[in-house]
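Encoded as structure tokens, the structure appears first; notes follow it.
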Amino acid sequence: MDTLIGQGLVALEMIVDPGSFQRDRVGAKEFTDESYGPGAVVGTATLDGQTVTVIASDAEAFNEKFPVVYAGIIGMEEGYKMASAVYATLAADVDKPAAQKRPLVLIVDTPGNGPGKVEEIFGMNKATGAYQLALAEARMAGHPIVAAVVGRAISGAFLCHGLQADRIVALDAKFGTMIHVMPLTSVSRIIKKNIEVLEELSKSNPVFAAGPQFFYQLGGVEALVPEIEGLRGAVIEQVAALRAAKAKGEATGPVGRAALGAARGGRVTRPQVAARMTAEFAAVADKYRPHA
Amino acid sequence: MALNTLEFDCKAEAASVRLAAPVHYGVVGSGDLEVILEPCDLGGGVKVKVTTPISGFDAVWRKVVETFVNRARLADVAIDINDNNASPAVVSMRLQQALAETAA
Amino acid sequence: MKAERQWNTLERDTAQRMEAAARFIGPGKQVKVEDVVPLLEAVVRPGDKVNVEGNNQKQADFLAEALCKVDPAKIHDLHMVQSSVPLAAHLDVFEKGIAKKLDFAFGGPQSGRVAKFIREGKLELGAIHTYLELFGRYCLDLTPRVSLICAYEADREGNLYTGFNTEDTPVIVEATKFRKGIVIAQVNKIVDKLPRVDIPADWIDAVVQSPKPFFIEPLFTRDPGLVTERHILLAMMCLKGIYGEYGVKRINHGIGFLTSAIELLLPTYGEELGLKGKTCTQMVLNPHPTMIPAIESGWVEAIYCFGGELGMEDYVRARSDVFFTGPDGSLRSNRALAQTAGHYALDMFIGSTLQIDQYGNSSTATANRVAGFGGAPNMGCDAKGRRHSTDSWLKCGREVPSMNELIGDMPRGKRLVVQGMETFGEGRAPAFVDRLDAWKLAENAKLDLPPVMIYGDDVTHLVTEEGIAYLNRCANLDTRMAAIRAVAGYTEIGLRAKPEETKRLRDDGIVKTPEDLGIDPDTATRDRLAARNMRDLVDWSGGLYNPPARFRNW
Amino acid sequence: MPNWSKLQTRSFLESSARERALGLVDEGTFTELAGPFDRMSSPHLVALGEAVEFDDGVVTGVGRIGKRPVFVISQEGRFIGGAVGEVGGAKMVTTIDLAVAFAEELRAANPKIAADELPLVAISFETGGVRLHESNAGLLAHAEVMDAFQRARGKVPVVALIGSRIGCFGGMGFVAAATDVIVMSEFGRLGLTGPEVIEEEMGKDEFDASNRALVYRTTGGRHKYIMGDCNFLVDDRVAAFRAQVAELCRLPVADFEQFRRIGSAALVEKQMRLVALAAEMQPKDAYDVWRRAGNNDPAGLGDAPVDDFRKQAQRLSV
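Chain order of the listed sequences is A, B, C and D. The numbers in this note's numbering rise by one with no breaks, and the one at position 23 of the first sequence is 49. The numbers in this note's numbering rise by one with no breaks, and the one at position 19 of the second sequence is 20. The numbers in this note's numbering rise by one with no breaks, and the one at position 341 of the third sequence is 1734. The numbers in this note's numbering rise by one with no breaks, and the one at position 214 of the fourth sequence is 221.
Here it is in structure tokens:
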């Protein structure tokens, strides 16, 4: 097997305990309408014995109602369906202590969001926004969330399905794994810079080049998985590590990755900006207190 | 491909106007620029720094800024410009507007 | 006994052609869409002079495309005589070998292809004209044998309504029909009754209802949102240093953001200067949307239009004291008359240019585009045949020191011809150059003359952000060149200005900087504009102005 | 410093990011954080030889409206279309973090502190989303802002202001959707995909990007108001946006939940009903939806002065 692109469901089965995946059921919620957001696959499985919610994209599905949604694209229905699955997960464990909240596993292989007229008229931006907020809420409630990038993690689609996870692992680039906003050729065209120059520059500066290795340097993914067979292990390992990290109150998710970006030398300006602003505000904070 | 930085010093003929406080003006839109004017002890002179993606206009930059400094009779000022291909007419105008901000 | 000469060969030839075409022409002169190409093949003959109506606004686009579809084996070597060539079809006829020669006035979007075709020998250029010049030649040596025109509506007899966009139609039809030519019209709609008759049916030979309404370009709409502070500074200088200084009443505004800025400043800065009633009272102008605030504020008594402007129909109809409207209430815009007024009855023309040389000659031509002239040169010149006087015309003439060298002590006025632009244009291209690109174009496109829009001796005032050069006050070419340098800013020409020389010119009132004019550039802000966006224009018009979709940002 | 009173009368559309920030809060109260004198511009643009801005195109700071500390983020569309990179993104995130930390600190010091003495965040959006010159860093910054919003939930209200030239698109379209309240002018636009990309995807016959009237009635302030995607439609003046924020400043943070479109299971249920309507209607044009909402003359309503529009417009409910 040389790639998992377009095979999100295969990847899903590889990662969770064999035969454990129950599609369309999360906690008490059942997703009964098969035609609703067919590209969004949600359900419950076990991972190394513990119950997990799984969210993935089905590249084979085509949304009859919204023709710009196919090949794993996250459209309006898909975004809200994924968000619902997260809320159903929250509801399922609402009474459990943080340490016992079930993990969410996001299998990431999505080429984008629905770029259509109806989507704009009805506000596609809300659907993906809703999913991100739901994931952030679940993460903060204690659910460990691990995203496994197995294929395409493109721009806005990665933002909603991936980047709100506690931890992200990505399959090595040799399997065709794609993480980017835009391929470098398109970047080159739009910002009017020579492609060779950009390729050369990307060796020393990971901020605009396409590929999981560059996101790794920026702290955008926690770990690269060298072989397909290692995916399951990597996800199990991250879940375990997360339980410990969360218990200790360590930063995970986007905040954790920002720190990682600085530590790996990929995003070093970010902490400087934050430190400067924090110091500047501290100097004037009294002016903004009551009765000042 | 790196950004060009152009630095030079100049001195107004009847340098006498000093700034009370630093000022920032402008937006680096296409064909536009931003400028910071800051008081700075330079023995009555003016220090200029221009950061721009465009090269080959050094003489014009110098002429435009010198004309401004002379007209305004500026002394002891550091001028720091971020440019994005502003025409000399726009440069003159923004410098003048920045100075007017200090008076406002 | 001398041989009997036939004195009506044209008439007989026309009759023959029409006989061949008869089977395509039904009652009311109507032709079916699918019969238009065979109709053209029946009435057009190789070598004919053919006019396809179109200018920078409305276009007989359906007929232009039909002409491209005739069989070049049957119809070839046509000599196109037409105002403009903005549509691809206008040049396709040359590509296909249907047409050979072109006489025109305005290139528009196809001007690059015109230059290319000339170079490649696909197109033989007669001349580039002004509108009025070409209309004149329609009545002498370039009379069309067949004209393909456009109108809004026809009735069941073939009468035409050209209405709001009358434009070139009357002059084309008159020149063609009264020399026994053939006139074919495309109309948007065939109706029982026209709002008014603009062209009588017996001047028309065939009418076709085109599948789509004719194309029309809102060329004179400027979004106030795009007026910059630099435009405003220049506009303030113009209003104070020229409009006010000379009290100019009868004006044409060339299209551009400078003139839009002037229009939008009339109700604000113009009012502050006390110029209302003293300037801009009569204008030859398309219905510029940016004129709405000034019209609403009571500045303008009359406007005669070259053509219409999309979206201004209802507004113009509701302001019949200002615009020339028919008994039906809609505008009639006869370009030939507007150009005549523009040539003879104006006191001032103001416009912008891409390039101006050290002598003051200006051109919008670039090295590889035959852009043409349109109407600007007829307005941007002193009409030598003018014999009536106005105060501003006399004042401008009085200030010309060299007038007596030609006509002794005889008093004579001069039209104000104002060129206003920033010293650097788009992409930092200098507006002042040693040699106009027009020279390169003349070479590249094998033209007899570099296409000069306005000659230096006609320009009376030059306005840049550096100041106004009152070129009419210069005694000789040396002084003119010095005055031009003085306002050329940081261009290479401007850098040659000598400070002491510039000071002398300022002392003599030949050059005035914003400071000399009492204008603080820092006050040239967008707050001064009477309307700052398209929405404001709609509001000023009380909802009568209906901007085209591409200008609506709400 | 621009004259504050004069700023109030200015068009919001035409105001720069800094003018919007200054004009939004009370006169003389704005302190800029990481302002131009700090010269924190993007190192990535320098590497590419692109023009830089001292503030990286985002103005951040803190001011007051009445007693309430208002943390402001204001994006500058004239600088690379307001696109977000590493520095600008960090400025956004840190501003929200500072507001949340300040709220916690004030509450800890005085548990009975009045609602209108606690911080609020106002974001003036003008952006197409990720800055391609540093796209990876820009994308990651988007995720951080989203995360910061969730951390601010129930602690500090976040208000979006959209009425600038570029509108608010791309990843920042998600971000704006996730705020508590959205205030727009008729000139504002909010969405995900820009018009050119839709045209590319669907063809010019379906969506002509040069038709601005179409573009605006698909993503513009009036349309978003009818759809319920923006809560308040205000006049295009700095003072009008300020007045709306000042009004909101009187509310305790809990009251902001009522304005939200997304952010809970119940809200997602509601949005799903809206999507069902989209599927059922398959509208060719936004005006079809206006009609469905009970507006019989959408074209007339779209063209009416904004005051009349506010009075007459029927908003869609599902």
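Built from N, CA and C at the ideal position, the CB exists for glycine as well.
What distance in whole Å lies between the Cβ atoms of residue j and residue i, which are believed to be in contact at a cut-off of 8 Å?
i: D:Gly135; j: D:Ala90; result: 6 Å
i: A:Gly78; j: A:Pro129; result: The displayed chain sequence assigns Val, not Gly, to residue 78 of chain A. Right, the Cβ-Cβ distance comes to about 5 Å (below 8 Å), so this counts as a contact.
i: C:Leu1480; j: C:Ile1577; result: Not quite, the Cβ-Cβ distance comes to about 17 Å (not below 8 Å), so this is no contact.
i: D:Gly1; j: D:Cys256; result: Any answer about residue 1 of chain D is impossible in this case: the structure gives chain D only from 8 up to 325.
i: C:Gln1748; j: C:Ala1824; result: 6 Å
i: C:Val1539; j: C:Gly1501; result: That pair is no contact at about 22 Å.
i: A:Val131; j: A:Leu73; result: 7 Å
i: C:Tyr1662; j: C:Arg1921; result: 6 Å
i: C:Asn1771; j: C:Gly1735; result: 6 Å
i: C:Glu1815; j: C:Glu1858; result: 6 Å
i: A:Ile31; j: A:Gly202; result: 5 Å
Measuring alpha carbon to alpha carbon, tell me which residue in the options is nearest residue i.
i: C:Ala1594; options: C:Glu1560, C:Ile1609, C:Asn1552, C:Asp1561; result: C:Asn1552
i: A:Lys229; options: A:Thr70, A:Ala277, A:Leu244; result: A:Leu244
i: A:Thr136; options: A:Arg302, A:Ala66, A:Gln48; result: A:Ala66
i: D:Pro259; options: D:Ala110, D:Ile205, D:Val137; result: D:Ala110
i: C:Glu1567; options: C:Val1580, C:Arg1589, C:Asn1558, C:Thr1536; result: C:Thr1536
i: B:Asp81; options: B:Thr103, B:Ala104, B:Leu100, B:Lys48; result: B:Lys48
i: A:Ala124; options: A:Gly282, A:Ala270, A:Asp312; result: A:Ala270
i: D:His210; options: A:Tyr113, A:Tyr62, A:Gly142, A:Asp59; result: In the sequence under discussion, the amino acid at residue 210 of chain D is Gly, which differs from the His named in the question. If we check each option's Cα against that of D:Gly210, A:Gly142 comes out closest.
i: C:Leu1787; options: C:Glu1446, C:Gly1806, C:Asp1548, C:Lys1509; result: C:Gly1806
i: D:Thr200; options: D:Phe194, D:Met191, D:Ala220, D:Gly174; result: D:Gly174
i: A:Glu263; options: A:Gly246, A:Gly282, A:Asp192; result: A:Asp192
i: B:Ala21; options: B:Gly30, B:Leu38, B:Met94, B:Arg74; result: B:Leu38
i: A:Gly105; options: A:Ala114, A:Thr154, A:Gly140, A:Asp119; result: A:Thr154
i: A:His206; options: D:Ala28, D:Asn143, D:Gly235, D:Tyr223; result: D:Asn143
Is residue i near residue j, with beta carbons less than 7 Å apart?
i: C:Ala1459; j: C:Met1473; result: no
i: C:Val1904; j: C:Leu1898; result: yes
i: D:Gly309; j: D:Arg172; result: no
i: A:Ala109; j: A:Tyr157; result: yes
i: A:Leu197; j: A:Val172; result: no
i: C:Asn1754; j: C:Tyr1848; result: yes
i: C:Arg1924; j: C:Pro1686; result: Note on identity: in this sequence residue 1924 of chain C is Ala, with Arg being the wrong assignment. Yes, Cβ-Cβ distance for C:Ala1924 and C:Pro1686 is below 7 Å.
i: D:Thr226; j: A:Glu146; result: yes
i: D:Val128; j: D:Phe78; result: yes
i: C:Asp1561; j: C:Asn1448; result: yes
Just to confirm the assignment, what range does the beta strand (DSSP E) spanning residue i have?
i: B:Lys48; result: 47–53
i: C:Met1741; result: 1741–1744
i: C:Ala1414; result: No beta strand (DSSP E) contains C:Ala1414, which is instead part of the alpha helix (DSSP H) from 1402–1414.
i: B:Gly27; result: 24–27
i: B:Pro40; result: 33–40
i: C:Asp1871; result: Unbroken run through C:Asp1871 is the alpha helix (DSSP H), 1870–1879; no beta strand (DSSP E).
Kindly indicate the opening and closing residues of the alpha helix (DSSP H) around residue i.
i: C:Asn1837; result: 1830–1837
i: C:Lys1896; result: 1892–1900
i: A:Thr72; result: Where A:Thr72 is concerned, there is no enclosing alpha helix (DSSP H), although the beta strand (DSSP E) it sits in stretches over 66–73.
i: D:Arg298; result: 293–299
i: D:Ala167; result: No alpha helix (DSSP H) contains D:Ala167, which is instead part of the beta strand (DSSP E) from 165–169.
i: A:Gln243; result: 238–243
i: D:Val182; result: 178–184
i: B:Ala13; result: From DSSP, B:Ala13 is part of no alpha helix (DSSP H); its letter is neither H nor E.
Which full runs of the beta strand (DSSP E) of 3+ residues lie inside the segment 1491–1534 of chain C, going along the chain?
1492–1499, 1517–1521
Counting only runs that start and end within the segment 70–154 of chain D, where is the beta strand (DSSP E) found for 3 or more residues in a row?
75–82, 127–132
Runs of beta strand (DSSP E) lying entirely within the segment 143–231 of chain A, each at least 3 residues, in chain order:
171–180, 193–197, 204–206
Which ranges does the alpha helix (DSSP H) cover as unbroken runs of at least 4 residues, wholly within the segment 1762–1850 of chain C, from first to last along the chain?
1769–1772, 1784–1791, 1796–1800, 1830–1837
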